[in-house]
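Printed below as a string of structure tokens:
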């Protein structure tokens, strides 16, 4: 379901707004200062995130004349995406001599988060070579046609992800 | 480093090409069939990914007249991003009656991957309310000014991510 996610998340500003909401920003002016975009552009973007049920838009609990935007469960479920992308950027998009401006840490201990990894149910870290693709009941001829690697039905005999590694 | 990542990954096609490369696609024609875009557009996009050191571009080991594109270490490090985004889409961008076309599984066991979660070093799952932001040596006045939640220096007293949850 990557393509469906990217219809929404593939616009770069979406995840920046979600990140700011994780950081505690709730009000239009705060998002505007953070993102540095025009009011009408931000309005459209926030409305789109409300429509996508990633943010709610409600009167502020303290000051009913202000509107506040808060993450829904669907929005909060983007935490692994935000953390994975931020960590990848910190490791791979940074000049060697460029110090990190901030990092995520566990609140109780202050310890920096370890890098997010794909893991099996028992906690073992898995790499691309350890993975395969399994067809589900929603597989269609159209998807199968564009994905030759997916057409082999037995995981033990398929190796599509490994081949890429 | 989310903004830097999004300069590259925020173009939706980037992660689709990377996903196809994880699936085992290596040749221009295969990417073109999968993505359904014009040859010149795909050429530009592949060149950009080669320039960004996410793919390498080399003569095919079997047939030197063909070019093959393969993931670099930097590209393979996007696996958690791809998995996190695909799983989020499967859970949150799918109609209730729409069956899954495929899923990621461990190759050795065929078992479906559990959902990616943010975890502490000891393996405990962490939610947004358990996280905070710690300033690093690269923090600048500009970043601090747009991120009021970041200005509180002591993790034990900060609660920016929790406030959003």
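Residue numbers (this note's numbering), protein chains in the order written: chain E, 446 to 610; chain X, 446 to 610. Virtual Cβ for every residue (Gly too), placed ideally from N, Cα, C.
Check, Outcome
"Would you say residue 508(E) faces chain X, with C-beta separation under 9 Å as the test?", "no"
"Which residues bound the beta strand (DSSP E) around residue 500(X)?", "500 to 504"
"To the nearest angstrom, report how far apart residue 464(X) and residue 521(E) are at their CA atoms.", "24 Å"
"For the beta strand (DSSP E) that contains residue 515(X), what are its first and last residues?", "512 to 516"
"Buried or exposed: residue 532(E), going by 16 or more other Cβ atoms within 10 Å of its Cβ?", "buried"
"Could you give the first and the last residue of the continuous beta strand (DSSP E) run that contains residue 468(X)?", "That residue, residue 468(X), is in no beta strand (DSSP E); it is neither H nor E in DSSP."
"Against residue 575(E), what residues of chain X qualify as contacts under a CB-to-CB distance less than 8 Å, listed in chain order?", "551, 552, 553"
"Using beta carbons (cut-off 9 Å, strictly below), is residue 473(E) in contact with chain X?", "no"
"Return the chain-ordered ranges of every beta strand (DSSP E) run that is complete within the segment 548 to 596 of chain E and spans a minimum of 3 residues.", "576 to 580"
"So, is the C-beta of residue 512(X) closer than 9 Å to a C-beta in chain E?", "no"
"Below 8 Å on C-beta distance, what does residue 461(X) contact in chain E?", "447, 448, 451"
"Report the neighbours of residue 557(X) on chain E: residues whose CB is nearer than 8 Å to its CB, in chain order.", "579"
"At a Cβ threshold of 9 Å, is residue 456(X) touching chain B?", "Among the protein chains of the structure shown, namely E and X, there is no chain B."
"Between residue 494(X) and chain E, is any beta-carbon pair separated by less than 9 Å?", "no"
"Cutting at 7 Å between CB atoms, please list the residues of its own chain near residue 471(X), excluding the five before and the five after it.", "513, 514, 515"
"Going along chain E in order, which residues have a C-beta closer than 8 Å to the C-beta of residue 523(X)?", "533"
"Taking only beta-carbon atoms, is residue 503(E) less than 9 Å away from chain X?", "no"
"Are the beta-carbon atoms of residue 499(X) and residue 524(X) separated by less than 9 Å?", "no"
"Report yes or no: is there a C-beta of chain X within less than 9 Å of the C-beta of residue 489(E)?", "no"
"Which bits of chain E does residue 571(X) rub up against, with CB to CB less than 7 Å?", "551"
"Would you kindly check if the distance between the Cβ of residue 576(X) and the Cβ of residue 624(E) is under 9 Å?", "Chain E is shown from 446 up to 610; residue 624(E) falls before or after that span and cannot be answered."
"Against chain E, with Cβ distances strictly below 9 Å, would residue 482(X) count as a contact?", "no"
"Can you tell me whether DSSP reads residue 521(X) as helix, strand or coil?", "helix"
"Would you mind sorting residue 484(X) into buried or exposed? The rule is 16 or more other CB atoms within 10 Å of its CB.", "exposed"
"Thinking residue 549(X) and residue 578(E) are a contact (beta carbons under 8 Å), I'd like their distance in whole angstroms, please.", "7 Å"
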